[in-house]
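Residue numbers (full-length UniProt numbering): 1 to 321. Ideal placement from N, C-alpha and C gives every residue a C-beta, glycine not left out.
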């Protein structure tokens with residue numbers, strides 16, 4: 001009990017502040033890089049927009065500044081609602097059944113592109129209730145899909161061990177195959193489809209794929225929203241399935257990265273604790289048997305119980321690819 005309290009105090013004293021400092025530093029570094037990369041382009045775009053506005057007013061003296069501003073704001077608001085001008089008519093389509101279905105997927109998966117949102121009060125209230133029950137349902141489904149993927153990898157690894165009498169090589173080989181297959185199916189091949197259906201470049205399609213599957217969802221690229229293109233009916237349904245399975249696969253990859261970070265953190269904590277125990281032994285503050293016992297506990301943390309002649313090896317806290 002006392003040891004647990006000491007460990008908790010050490011974690012609050014050292015672990016959380018260090019992790020928080022690393023987090024803030026990482027975000028701050030990302031902000032600085034993004035500012036250096038994107039700020040000049042933003043300034044140029046703003047200057048170009050102002051120049052075009054003044055040229056339009058100068059060439060068409062019948063136009064008035066306030067009226068033009070209201071027209072621009074109306075066009076922007078209509079575009080956000082999915083309405084675009086095509087000659088003397090308007091095009092609809094974002095709130096048909098396929099568009100509504102895709103919006104529902106983006107809502108409960110917490111992608112939230114932001115390019116489309118309910119405009120009525122009743123629609124917003126329904127969206128809240130729908131997401132309140134839909135998000136847990138989506139998490140349960142993603143967890144089940146991820147477990148099925150993991151079980152499939154483990155089953156294939158066991159079969160390889162039985163047939164070729166491999167041990168550690170079979171597991172490593174299947175995890176590598178699962179990683180490469182996931183990269184192909186969810187990140188590398190979909191941009192080719194987006195290039196064909198959306199007219200995007202491969203880099204734009206790859207960017208959209210990762211932003212979507214990681215649920216960042218900026219909304220600058222969204223499939224099926226170009227009024228100048230005709231999309232097949234199966235398109236959004238296939239993309240919805242791609243999102244579900246891709247999110248489950250990416251969650252396993254992220255869990256694997258978390259396990260690596262936690263493993264390195266536990267190793268550092270154990271090394272630090274062993275050093276402290278050794279210093280206590282040198283100072284004579286504790287008996288040698290107590291110090292050695294505590295060091296052994298640290299070394300045996302997160303390991304399986306071994307026989308007398310077996311050594312202890314570290315295993316990840318949770319399974320992942």
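Between which two residues does the alpha helix (DSSP H) holding residue i run?
{"i": "residue 103", "result": "97-108"}
{"i": "residue 191", "result": "190-198"}
{"i": "residue 114", "result": "Careful: residue 114 lies outside any alpha helix (DSSP H) and carries neither H nor E."}
{"i": "residue 147", "result": "121-164"}
{"i": "residue 177", "result": "168-182"}
{"i": "residue 209", "result": "202-213"}
Could you tell me whether the Cβ atoms of residue i and residue j are closer together than 9 Å?
{"i": "residue 217", "j": "residue 112", "result": "yes"}
{"i": "residue 170", "j": "residue 160", "result": "yes"}
{"i": "residue 250", "j": "residue 205", "result": "no"}
{"i": "residue 56", "j": "residue 68", "result": "yes"}
{"i": "residue 164", "j": "residue 246", "result": "no"}
{"i": "residue 71", "j": "residue 94", "result": "no"}
{"i": "residue 244", "j": "residue 145", "result": "yes"}
{"i": "residue 168", "j": "residue 248", "result": "no"}
{"i": "residue 98", "j": "residue 233", "result": "yes"}
{"i": "residue 175", "j": "residue 235", "result": "no"}
Here's a check: name, in chain order, each residue in its chain whose Cβ is nearer than 6 Å to the Cβ of residue i, leaving out the five neighbours to either side.
{"i": "residue 135", "result": "108"}
{"i": "residue 239", "result": "223"}
{"i": "residue 20", "result": "none"}
For residue i, which residues from the same chain have a beta carbon less than 8 Å from its beta carbon, with the 5 sequence-adjacent residues on both sides left out?
{"i": "residue 33", "result": "none"}
{"i": "residue 293", "result": "Its pLDDT being 45, under 50, residue 293 is placed unreliably in this model, and the value from its coordinates should be taken loosely. Closer than 8 Å at Cβ, skipping near neighbours: no residue."}
{"i": "residue 194", "result": "200, 204, 205, 208, 209, 223"}
{"i": "residue 18", "result": "none"}
{"i": "residue 173", "result": "157, 160, 166"}
{"i": "residue 305", "result": "Annotation note: pLDDT 43 at residue 305 (below 50); position unreliable, coordinate value reported separately. Once the five neighbours on either side are set aside, residue 305 has no close Cβ partner at all."}
Can you name, in chain order, every residue of its own chain whose Cβ lies under 7 Å from the Cβ of residue i, other than the five neighbours on each side?
{"i": "residue 110", "result": "135, 215"}
{"i": "residue 237", "result": "none"}
{"i": "residue 190", "result": "205, 209, 242"}
{"i": "residue 211", "result": "217, 218"}
{"i": "residue 354", "result": "Coverage of the chain is limited to positions 1 through 321, which leaves residue 354 absent and any answer about it impossible."}
Touch test, the region 148-156 against the region 123-130, Cβ-Cβ under 8 Å, three pairs minimum = no
For the region 222-239 against the region 255-264, are there 3 or more C-beta pairs whose distance is under 8 Å?
-> Result no; under three Cβ-Cβ pairs closer than 8 Å.
Three or more C-beta pairs below 8 Å linking the region 96-112 and the region 215-226 = Contact holds: three or more Cβ-Cβ distances are below 8 Å.
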